[in-house]
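The structure appears right after this line, and notes come after that.
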Amino acid sequence: MKVIVGSSSSSSAAAAAMDNGDDKVISFSELKEALLSLGSQEKEEGIWKVTEINQTSQCKSLKLVTQTNQNNNVAGVTKISRLIYTNSGNAILALASNAIHLLWKWQQSDRNSSGKANASVPPQLWQPSSGILMTNDINDNNADDAVPCFALSKNDCYVISASGGKISLFNMMTFRTMLTFMPPPPAATFIAFYPPDNNVMAIGMDDSSILIFDVRKNEEKGKLNGHTNRITGLAFSNVLNVLVSSGADAQVCVWNTDGWENQKSRYLQLPAGRTLPAQSETHVQFHKDQIHVLVVHETQLAIYEATKLECLKQWFPRDSAAPISHATFSCDCRLIYASFLDATVCVFRASNLRLQCRINPSAYLSASVSNSNVQALVIAAHPQEPNQFAVGLSDGGVHVFEPLESEGKWGVPPPIENGSAINDAAAT
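Heads up, the sequence shown is in my numbering, so the first residue is 230 and it goes up one at a time.
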């Protein structure tokens, strides 16, 4: 476009000429007005920005206590290794690095009529009257290399868990050990229940294999081999009848649940100039549509179509940013909550992996804690409240988050763009 300054033209025509790239004769005053008009337009189009939460007053957060009424610290832990809400939504279960489980329960009260987990009313760190703890078996030979893992039954009645030793089946009401099985080696590193039958589960091992195991019959139904390093993630799809697995080898595999055959395998991809770490955890989680899979790695978030393992969207942190430690869909699958090793938590729009809100450590950690290299290691989403999540830290802390009631959500959704990986309608 060639702008010729002259004496004839209208300001609207001048602006149109500048937009369209046409040659046009305009006056100095019209040129000035046209530039102001375009600047105003750009300002309006760029009004959206990521919501930054830096202060405690900008969101609701609740740190869960790790002491009983007897003032005994039952944790004695250095970090929270695994974290999950119960399916009922009224409790949070954590597995600490010392192989002890912590269970916080919210009660119905005047302040909490629903009895559900929230960031306003403190829960009770629950223990049965016997005072026993749910403690996993530990293998002294590999205690430092142990990878804690657990899975919760649909009815919240029992949990299957391991911390490098034998796998334990616990009663969630009494905390009693009902069964132990599969002494290492190899050791379990990830556990997922098979949806059609809660007595059957997939167990990822540290020797890169996946066992399909029937607890009731105490028998192995299949053994899957395809990874080259320990298993770090497992997820079933009822719609596709597949199991998706991920490993420390940064590989994702799809297995048919009819014959447990490998349908597809793919390694994670990085932009040019970046390299994958030799060994790091890769997590997988199905979207509610049971077709799309969230893949989480320290270098990226990605959405895949499960059958062909086609990558639809990726998000990469800046080179200078802390690695991603964990991520999960919100219960309605409209958001993705991601934790980072610098204790930052980010909220993404699931449909396009656009960053929507960033919660900085100063918003929920005291200055002394936030300056002591505390890391956010695991994150869990409430099963019924789409704007609530919890984070487990390397210092043994667990924090529950909700947006302010006046806000009602985590920031403003980014503008809709073409080419979304997941239709938001599929999340409803």
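C-beta: ideal position from N, C-alpha, C; glycine also.
- Closest in C-alpha terms to Asp571, from the list Trp335, Thr364, Lys395 and Ser549, comes Ser549.
- For Met430, the enclosing beta strand (DSSP E) begins and ends at Asp426 to Met434.
- For Leu499, no beta strand (DSSP E) encloses it, and the DSSP letter there is neither H nor E.
- When rounded, the separation of the alpha-carbon atoms in Ile329 and Glu527 is 26 Å.
- Per DSSP, Trp489 has no beta bridge partner at all.
- With distances taken between CA atoms, Gln585 lies nearest to Trp544 out of Asn384, Trp544 and Ala619.
- Counting only residues of its own chain and dropping the five nearest sequence neighbours on each side, Gln353 has a CB closer than 6 Å to the CB of Lys334.
- DSSP, read as helix, strand or coil, puts Gln529 in strand.
- For the stretch 571-604, the continuous beta strand (DSSP E) assignments of 3+ residues that do not extend past its boundaries occur at 574-578 and 583-588, in sequence order.
- Bounds of the beta strand (DSSP E) holding Glu448 are Glu448 to Leu453.
- In the three-state reduction of the DSSP assignment, Asp339 falls in the coil class, being assigned neither a helical nor a strand state.
- Per DSSP, the continuous beta strand (DSSP E) segment holding Lys289 begins and ends at Lys289 to Lys292.
- Comparing C-alpha distances from Phe569 to each of Leu606, Thr486 and Tyr496 shows the shortest one belongs to Leu606.
- About 6 Å separates the CB atoms of Ala592 and Gln287; that is less than 8 Å, so the two are in contact.
- Membership of Trp544 in the beta strand (DSSP E) is indicated by the continuous run Glu539 to Trp544.
- Asn283 is positioned such that its CB atom lies no closer than 9 Å to that of Glu614.
- Contact holds between the stretch 465-482 and the stretch 514-532, because three or more Cβ pairs, one in each stretch, are under 8 Å apart.
- With contacts defined by Cβ atoms closer than 9 Å, Ala464 and Asp435 do not form a contacting pair.
- With 16 or more neighbouring CB atoms inside 10 Å of its own CB, Cys482 falls in the buried class.
- Nearest neighbour of Phe410 by Cα position, chosen from Ile439, Asn427 and Asp443, turns out to be Asp443.
- The stretch 418-425 makes contact with the stretch 377-387; the number of CB pairs closer than 8 Å reaches 3 or more.
- Per DSSP, the unbroken beta strand (DSSP E) holding Arg311 starts and ends at Ile309 to Tyr314.
- Under the DSSP definition of a beta bridge, Asp443 partners with Val429 and Glu448.
- Pairing Asp374 with Gly393 gives a Cβ-Cβ distance under 9 Å.
- Nearest neighbour of Asp561 by Cα position, chosen from Arg445, His628, Pro552 and Gln519, turns out to be Gln519.
- Gly621 is bridged by DSSP to Val607 and Val627.
- Pairing Val627 with Ala323 gives a Cβ-Cβ distance under 9 Å.
- Between Ser326 and Thr307 the beta-carbon gap is near 6 Å, inside 8 Å, which marks them as a contact.
- With contact defined as three or more Cβ pairs closer than 8 Å, the stretch 447-455 and the stretch 388-407 are not in contact.
- The beta-bridge partner set that DSSP reports for Phe419 consists of Gly433.
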